[in-house]
Amino acid sequence: MSSPPPALSALKLSYADLVSPTFLASRGKRPAPPTGWGGALATMALVPPLLLALSPLIAFSQLAARLRPAPAPARSLLPAVGSLPPVIPHADREWDVVILGATGFTGDLALQYIMREYAGKGMKVAVAGRNGGKLQSKLLSAAEKSGCPDEFRDAIGRIVVDTGDGEQLAAMAKSARVVMSTVGPFAVYGSGVVEACAVAGTHYCDITGETQWVRENVLLLSGTAEKTGAKLVSLCGHDSIPWDLSTVMLAKSMPAGEELESVAFADEIKSAPSGGTVATLIDAIEGKTSRDMSAAAKFKGDPMNYGASDKKTRSVLPFNPFAPKESPLDGGKLGFFVMSAVNGDTVKRSVAGPSVKQQQQGFLRVTGEATGSKGTKVRSAFYFDVDPGYKDTSRMLAESAITLLEGGADGVGGGVYTPGAAMPDMLLERLCKTGSAWAVEVEAPGARNKL
């Protein structure tokens with residue numbers, strides 16, 4: 001039996017190392033097949049069975065929606081910004097981090113990660129969900145899987161909360177310094193949670209990929225969060241963090257006086273969806289929202305650009321998802337990535353799952369190339385060594401929560417953010433210390449300098 005490869009944090013990897021054709025094999029991964037016309041045909045072959053599997057679910061969901069009376073938009077419990085209640089100082093709160101959704105697949109992995117990596121480090125943790133019995137059972141099983149000491153397990157609090165109960169959500173938010181949520185679809189179950197955190201001045205992070213819902217949060221909650229100091233950070237999972245942080249760091253790597261003009265990404269990924277991801281997809285197709293957006297009707301333009309930059313941004317996606325295009329990075333062929341539209345939105349403003357074996361076999365490698373206003377090229381590689389959709393998403397979420405616990409980026413006050421806007425340097429450093437690898441290479445016109 002071969003020994004496992006060394007931890008990434010123990011290696012000093014350059015950009016050339018991370019993009020080397022032999023790198024994935026050195027990590028015990030099976031490289032993804034090249035995406036040429038063969039890959040495109042293989043993708044096309046998967047579409048009919050996927051549509052066949054999803055069509056009955058979508059049809060049934062839409063039929064049920066048509067048959068039941070349309071509910072009135074949920075009445076927001078947000079008080080006016082001028083009449084917000086006093087914010088309880090974070091130092092006086094009972095819990096450092098509350099994990100909402102710990103009985104779900106990704107929430108369970110996040111709980112195991114916290115137990116494994118942060119037991120005995122003074123962190124006060126609670127789990128929250130609708131069923132107290134399930135929370136207790138999950139604590140026991142997660143502790144066994146993670147090797148968590150009994151003392152830390154027994155000190156973890158249990159908060160029974162229904163995401164439809166405003167009073168319970170308010171009490172939970174007031175008790176925590178940070179709430180991390182895996183309870184989706186977020187457009188259905190997440191609005192009350194993030195609103196309660198905004199009012200209580202509680203930092204918040206989640207793993208949503210639902211950018212329309214994030215747009216609503218920008219419009220409805222920015223003023224409240226700015227007033228209370230709550231940092232509300234969505235898109236903290238695999239769906240967006242690799243591309244969001246890469247974009248910010250590529251821009252920061254440009255020479256002084258040179259601005260980022262464009263950025264292109266390619267990715268190699270091995271992962272798998274869960275039932276929760278499929279449910280979110282169906283809700284996104286239906287365009288569900290339970291919120292009264294009339295207060296935000298006066299805002300014109302894209303909220304994902306609101307307060308982020310005066311510079312216009314545009315996402316360029318392949319028109320035909322099955323026809324490969326030439327990669328601007330290495331001349332190879334690129335196929336369509338289902339989350340590309342989400343990441344196009346995310347960077348403007350700054351996923352029952354796989355088995356344990358599948359999680360260990362998974363990986364994600366994102367390569368990027370940025371072009372500066374004076375012609376400088378900056379290339380990046382960001383590598384995740386396990387299944388990004390679940391196992392590493394749980395790590396990304398947990399480290400996002402802990403980064404918020406430590407304050408996030410200097411000078412960033414309350415508001416609605418993406419990870420790259422709220423805490424790019426600190427989060428990247430934490431991710432690289434706990435299982436990822438990152439490198440950049442700068443190529444100025446007529447010269448090359450590796451960082």
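All residue numbers for the sequence shown refer to UniProt numbering, where the first residue is 1 and numbers rise by one. Heads up, the beta-carbon is just placed ideally off N, CA and C, and yes, glycines get one too. Since we're looking at a predicted model, the values are computed, not measured.
| query | result |
| --- | --- |
| Quick one: what does DSSP say Gly-372 is sitting in, helix, strand or coil? | strand |
| Rounded to whole angstroms, what's the CA-CA distance from Ala-230 to Ser-191? Just pull it up for me. | 15 Å |
| Please classify Lys-124: does DSSP put it in a helix, a strand, or coil? | coil |
| Which residue wins for smallest C-alpha separation from Lys-174, given the options Gly-201, Thr-182, Met-180, Gly-164? | Gly-201 |
| Is Ala-398 near Ala-110, with beta carbons less than 8 Å apart? | yes |
| Buried or exposed: where does Arg-365 fall if 16 or more other Cβ atoms within 10 Å of its Cβ makes it buried? | buried |
| What are the partner residues of Lys-12, as DSSP defines its beta bridges? | Beta-bridge pairing links Lys-12 to no other residue. |
| Three Cβ pairs or more, each shorter than 8 Å: is that satisfied between the segment 405-421 and the segment 239-252? | yes |
| Following the continuous alpha helix (DSSP H) through Glu-210, name the residue where it begins and the one where it ends. | Taken as a continuous stretch (DSSP letters only), Glu-210 belongs to no alpha helix (DSSP H), as it is neither H nor E. |
| Measure the C-alpha to C-alpha separation of Val-378 and Glu-369 and round it to an integer number of angstroms. | 6 Å |
| Going by DSSP in three states, Val-97 sits in which element: helix, strand or coil? | strand |
| In the DSSP assignment, find the unbroken alpha helix (DSSP H) run with Leu-140 in it and report its ends. | 132-146 |
| Identify whether Lys-231 lies in helix, strand or coil by the three-state DSSP scheme. | strand |
| Nearest-angstrom Cα distance between Phe-363 and Pro-85? | 45 Å |
| Express the C-alpha separation of Ala-171 and Val-412 in angstroms, rounding to a whole number. | 26 Å |
| Relative to the C-alpha of Leu-220, which residue among Ala-7, Ala-80, Tyr-383, Gly-407 is closest? | Ala-80 |
| Measure the Cβ-Cβ separation of Glu-443 and Gly-372 and say whether it is below 8 Å. | no |
| In this structure, what does DSSP give as the bridge partners for Ala-263? | Looking at the sequence provided, one finds Val at residue 263 rather than Ala. Note: Val-263 sits in a beta bridge opposite Ala-370. |
| Below 8 Å on the Cβ atoms is my guess for Arg-158 versus Gln-136; work out the distance and round it to an integer in Å. | 6 Å |
| With distances taken from CA atoms, which of Gly-147, Phe-152, Thr-106, Cys-148 is nearest Val-125? | Phe-152 |
| Are there three or more Cβ pairs, one per stretch, closer than 8 Å when the segment 158-168 is compared with the segment 198-212? | no |
| Quick test of the definition: if touching needs 3 or more C-beta pairs under 8 Å, does the segment 177-192 touch the segment 100-107? | yes |
| Give the straight-line distance between the Cα atoms of Arg-177 and Arg-93, rounded to the nearest whole angstrom. | 7 Å |
| Express the C-alpha separation of Trp-438 and Leu-428 in angstroms, rounding to a whole number. | 8 Å |
| Our contact map puts Thr-403 next to Phe-265 with C-beta atoms below 8 Å; I'd like the distance itself, whole angstroms only. | Thr-403 to Phe-265, Cβ: 23 Å. No contact. |
| By the DSSP assignment, the alpha helix (DSSP H) with Tyr-417 in it spans what residues? | From DSSP, Tyr-417 is part of no alpha helix (DSSP H) but of the beta strand (DSSP E) over 415-417. |
| Cβ atoms of Leu-235 and Pro-244: under 8 Å apart, would you say? | Residue 244 is actually Asp in this sequence, not Pro. Yes, the pair counts as a contact, with Cβ atoms nearer than the cut-off. |
| Could you name the residues that DSSP lists as bridge partners for Ala-437? | Tyr-383 |
| Measuring only the C-alpha atoms, how far is Asp-96 from Cys-432? | 23 Å |
| Work out the CA separation of Ala-142 and Asp-154 for me, nearest whole Å. | 12 Å |
| List the DSSP bridge partners of Ala-155. | Paired residue(s): none; Ala-155 is not in a bridge. |
| Quick one: residues in its chain with C-beta nearer than 7 Å to the C-beta of Tyr-113, no 5 flanking neighbours on either side, listed in chain order? | Ser-394, Arg-395, Ala-398 |
| DSSP three-state label for Gly-166, please. | helix |
| Decide if Arg-430 is buried, meaning its Cβ has at least 16 other Cβ atoms within 10 Å, or exposed. | buried |
| Using DSSP bridges, identify the partner residues of Met-115. | Answer is none; Met-115 lacks a bridge partner. |
| Do you know how far the Cα of Val-263 is from the Cα of residue 498? | Residue numbering for the chain in the displayed model covers 1 to 451; residue 498 lies beyond these limits and cannot be assessed. |
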